[in-house]
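Just so you know, the protein sequences line up as chains X and Y, in that order. Per my numbering, the first sequence starts with residue 2, numbered consecutively. Per my numbering, the second sequence starts with residue 2, numbered consecutively. The C-beta atom is built at its ideal place from N, Cα and C for all residues, glycine as well.
There are 2 protein chains.
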Amino acid sequence: MARPREFDETTVLEVAMNCFWAQGFEQTSVRDLAERMGITGASLYNAFGDKRSLYRQAFVHYLAQTVRDRVARLEKLPPALAIRTFFDEIIERSVDDEQRRGCMLVNAALELAPYDPEFQQLVAEEMIFIEAFFRRCIEAGQKDGSIADTRPADELAKLLLSVLLGIRVLARTRPQREVLEGAANGVLALLSKARTPF
Amino acid sequence: MARPREFDETTVLEVAMNCFWAQGFEQTSVRDLAERMGITGASLYNAFGDKRSLYRQAFVHYLAQTVRDRVARLEKLPPALAIRTFFDEIIERSVDDEQRRGCMLVNAALELAPYDPEFQQLVAEEMIFIEAFFRRCIEAGQKDGSIADTRPADELAKLLLSVLLGIRVLARTRPQREVLEGAANGVLALLSKARTPF
DNA sequence: GCCGTTCTGGCGCGCGTGTTCTAAAATTTT
DNA sequence: AAAATTTTAGAACACGCGCGCCAGAACGGC
Numbered sequence: 002m003a004r005p006r007e008f009d010e011t012t013v014l015e016v017a018m019n020c021f022w023a024q025g026f027e028q029t030s031v032r033d034l035a036e037r038m039g040i041t042g043a044s045l046y047n048a049f050g051d052k053r054s055l056y057r058q059a060f061v062h063y064l065a066q067t068v069r070d071r072v073a074r075l076e077k078l079p080p081a082l083a084i085r086t087f088f089d090e091i092i093e094r095s096v097d098d099e100q101r102r103g104c105m106l107v108n109a110a111l112e113l114a115p116y117d118p119e120f121q122q123l124v125a126e127e128m129i130f131i132e133a134f135f136r137r138c139i140e141a142g143q144k145d146g147s148i149a150d151t152r153p154a155d156e157l158a159k160l161l162l163s164v165l166l167g168i169r170v171l172a173r174t175r176p177q178r179e180v181l182e183g184a185a186n187g188v189l190a191l192l193s194k195a196r197t198p199f
Numbered sequence: 002m003a004r005p006r007e008f009d010e011t012t013v014l015e016v017a018m019n020c021f022w023a024q025g026f027e028q029t030s031v032r033d034l035a036e037r038m039g040i041t042g043a044s045l046y047n048a049f050g051d052k053r054s055l056y057r058q059a060f061v062h063y064l065a066q067t068v069r070d071r072v073a074r075l076e077k078l079p080p081a082l083a084i085r086t087f088f089d090e091i092i093e094r095s096v097d098d099e100q101r102r103g104c105m106l107v108n109a110a111l112e113l114a115p116y117d118p119e120f121q122q123l124v125a126e127e128m129i130f131i132e133a134f135f136r137r138c139i140e141a142g143q144k145d146g147s148i149a150d151t152r153p154a155d156e157l158a159k160l161l162l163s164v165l166l167g168i169r170v171l172a173r174t175r176p177q178r179e180v181l182e183g184a185a186n187g188v189l190a191l192l193s194k195a196r197t198p199f
């Protein structure tokens with residue numbers, strides 16, 4: 002057909018993702034984005050549509066690259082270890098997060114979702130996806146005896162999701178490892194049938 | 002002296018608080034604020050300083066009116082009941098929150114704190130205050146036998162704080178009572194020594 | 001080699017923002 | 001009553017925003 006793009010769409014989309022992740026939607030201007038992505042405004046609009054559409058694509062890319070990938074990777078582990086590793090990785094990420102960007106899913110849940118139905122849907126779906134992963138782990142753990150079965154699995158899954166989100170919020174102002182690990186160790190110990198840390 | 006104010010400062014500060022609470026800092030314009038508060042921009046600047054200063058005053062007012070008041074009120078209850086009631090009230094607030102404003106402390110933690118040291122300090126202090134309240138309840142409950150003592154109190158306090166923050170995030174996109182109560186019931190049941198709901 | 005299409009660069013529009021200024025109105029003190 | 005001081009009202013300023021427009025450059029199909 003005609004003249005091809007001079008940039009790699011995935012590469013620049015990841016740059017945009019990092020901008021939105023670190024600064025949020027409103028605080029990131031289209032001029033900022035274009036400069037950081039190494040393209041001009043017109044190219045940006047040609048390739049990704051308007052600012053909101055670019056954010057959506059960056060957000061979906063983030064979810065695929067972090068949440069979906071992590072769940073797929075941990076799903077193969079024994080259930081109790083999968084949950085333990087999930088929280089360990091999140092804590093590691095949070096402690097190493099010098100820019101204090103936090104979790105883009107949580108950020109979107111608070112900045113965009115309240116007034117944008119499409120993002121509300123996206124965020125809700127992703128949270129349900131994480132909750133379902135926890136539930137599968139808990140059900141399997143209750144079967145193999147590694148997780149206490151004094152409470153129903155779907156209740157405990159909601160609890161784990163809450164603790165996860167809470168840790169992500171906590172990390173924005175108190176990113177000390179002891180704080181985040183305190184919360185994670187607490188719930189994991191209570192979940193453990195053996196009453197010893199996972 | 003001279004001409005007195007035509008408006009009550011506390012009243013209009015509460016109006017500003019509700020604006021910031023519902024729409025966040027960036028999404029609320031000074032013109033919006035002035036109109037909703039029933040005063041002009043000049044009066045606003047005279048009485049409260051610039052926009053950021055007004056937000057700070059509204060935020061402090063929020064903390065005093067919600068967090069501090071709740072803790073003082075519940076501190077008199079038996080420890081296990083105090084924790085149970087705390088979560089019940091938060092869930093009630095979240096379910097009734099038709100505007101989806103969430104918790105202003107969490108909102109500030111994500112919107113302002115990451116790049117504003119003063120708000121980071123304010124938010125961190127308040128979270129430590131809530132954590133300390135939980136710790137006092139848990140220590141008392143472990144003494145009177147109503148709360149399991151298999152884990153140290155300060156770890157469980159961090160866990161409760163995380164669940165609280167997580168519920169506040171969850172409620173922004175999934176404000177169904179069953180979801181929020183699932184998380185709360187889960188952690189409270191695990192905390193209970195008797196293995197029955199609080 | 002040329003045409004049609006697409007991408008590139010940059011300017012500019014219209015608007016909304018936080019903030020400030022000026023002048024008039026109102027109230028206490030002298 | 002007059003002076004002094006503070007609050008009002010509203011216009012105005014400078015700036016940054018998302019977005020669109022337009023000329024030219026670069027490429028594929030004939």
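Can residue i and residue j be called in contact, C-beta distance under 8 Å?
{"i": "A133 of chain X", "j": "T174 of chain Y", "result": "no"}
{"i": "E127 of chain X", "j": "V68 of chain X", "result": "yes"}
{"i": "L14 of chain Y", "j": "Q66 of chain Y", "result": "no"}
{"i": "A35 of chain Y", "j": "G42 of chain Y", "result": "yes"}
{"i": "N186 of chain X", "j": "E90 of chain Y", "result": "no"}
{"i": "A81 of chain Y", "j": "I168 of chain Y", "result": "no"}
{"i": "V107 of chain Y", "j": "L160 of chain Y", "result": "no"}
{"i": "Q143 of chain Y", "j": "A158 of chain Y", "result": "no"}
{"i": "A190 of chain X", "j": "R136 of chain Y", "result": "no"}
{"i": "F87 of chain Y", "j": "R71 of chain Y", "result": "yes"}
{"i": "T29 of chain X", "j": "F21 of chain X", "result": "yes"}
{"i": "A17 of chain Y", "j": "L55 of chain Y", "result": "yes"}
{"i": "A172 of chain X", "j": "D97 of chain X", "result": "no"}
{"i": "F26 of chain X", "j": "L113 of chain X", "result": "yes"}
{"i": "M105 of chain Y", "j": "Y63 of chain Y", "result": "yes"}
{"i": "I40 of chain X", "j": "E182 of chain X", "result": "no"}
Need the endpoints of the alpha helix (DSSP H) that residue i sits in, please.
{"i": "S44 of chain Y", "result": "G42 to F49"}
{"i": "Q100 of chain X", "result": "Q100 of chain X -> no alpha helix (DSSP H), and no H or E assigned at all."}
{"i": "E76 of chain Y", "result": "That residue, E76 of chain Y, is in no alpha helix (DSSP H); it is neither H nor E in DSSP."}
{"i": "R33 of chain X", "result": "The residue asked about is misnamed: residue 33 of chain X is Asp in this sequence, not Arg. Taken as a continuous stretch (DSSP letters only), the alpha helix (DSSP H) holding D33 of chain X covers V31 to M38."}
{"i": "G183 of chain Y", "result": "R178 to L192"}
{"i": "A17 of chain X", "result": "E10 to Q24"}
{"i": "Q58 of chain Y", "result": "K52 to L64"}
Just checking: is the beta-carbon of residue i within a distance shorter than 8 Å of some beta-carbon in chain Y?
{"i": "T67 of chain X", "result": "no"}
{"i": "N47 of chain X", "result": "no"}
{"i": "V107 of chain X", "result": "yes"}
{"i": "K159 of chain X", "result": "yes"}
{"i": "S81 of chain X", "result": "It should be pointed out that residue 81 of chain X corresponds to Ala in this sequence rather than to Ser. Chain Y contact via Cβ: absent."}
{"i": "A133 of chain X", "result": "no"}
{"i": "G39 of chain X", "result": "no"}
{"i": "A184 of chain X", "result": "yes"}
{"i": "G146 of chain X", "result": "no"}
{"i": "L111 of chain X", "result": "yes"}
{"i": "V188 of chain X", "result": "yes"}
{"i": "R196 of chain X", "result": "Note that R196 of chain X scores a pLDDT of 46, beneath 50, so its modelled location is shaky; the value from the coordinates is reported in the next line. Yes, contact with chain Y."}
{"i": "L78 of chain X", "result": "no"}
{"i": "L191 of chain X", "result": "yes"}
For chain X, find out if any of its Cβ atoms is closer than 8 Å to the Cβ of residue i; answer yes or no.
{"i": "D155 of chain Y", "result": "yes"}
{"i": "L34 of chain Y", "result": "no"}
{"i": "R152 of chain Y", "result": "yes"}
{"i": "F199 of chain Y", "result": "With a pLDDT of 49 at F199 of chain Y, under the threshold of 50, the predicted position of this residue should be treated as unreliable, though the coordinate-derived value follows. It does not; no Cβ of chain X falls within 8 Å."}
{"i": "R101 of chain Y", "result": "yes"}
{"i": "A43 of chain Y", "result": "no"}
{"i": "A141 of chain Y", "result": "no"}
{"i": "A73 of chain Y", "result": "no"}
{"i": "S180 of chain Y", "result": "For clarity, residue 180 of chain Y is Val in the given sequence; the question names Ser instead. So yes, V180 of chain Y belongs to the interface."}
* Asked: What residues in the region 18 to 32 of chain Y bring their beta carbon closer than 9 Å to a beta carbon of chain X?
  -> A23, Q24, G25, E27 and Q28
* Selection of the region 113 to 127 of chain X by Cβ proximity to chain Y, strictly under 7 Å -> A114, P115, Q121, V124 and A125
* Residues from the region 161 to 178 of chain X in contact with chain Y, defined by Cβ distance under 9 Å -> L161, L162, S163, V164, L165, L166, G167, I168, R169, V170, L171, R173, T174 and R175
* Asked: Using Cβ-Cβ distances below 8 Å, what residues of the region 49 to 64 of chain X are close to chain Y?
  -> none
* Segments of 4+ residues assigned as alpha helix (DSSP H) that fall wholly inside the region 88 to 166 of chain Y -> 105 to 112 and 118 to 145
* To do: Taking a Cβ distance cut-off of 9 Å, strictly less, list which residues of the region 87 to 101 of chain X are near chain Y, in chain order.
  => Q100 and R101
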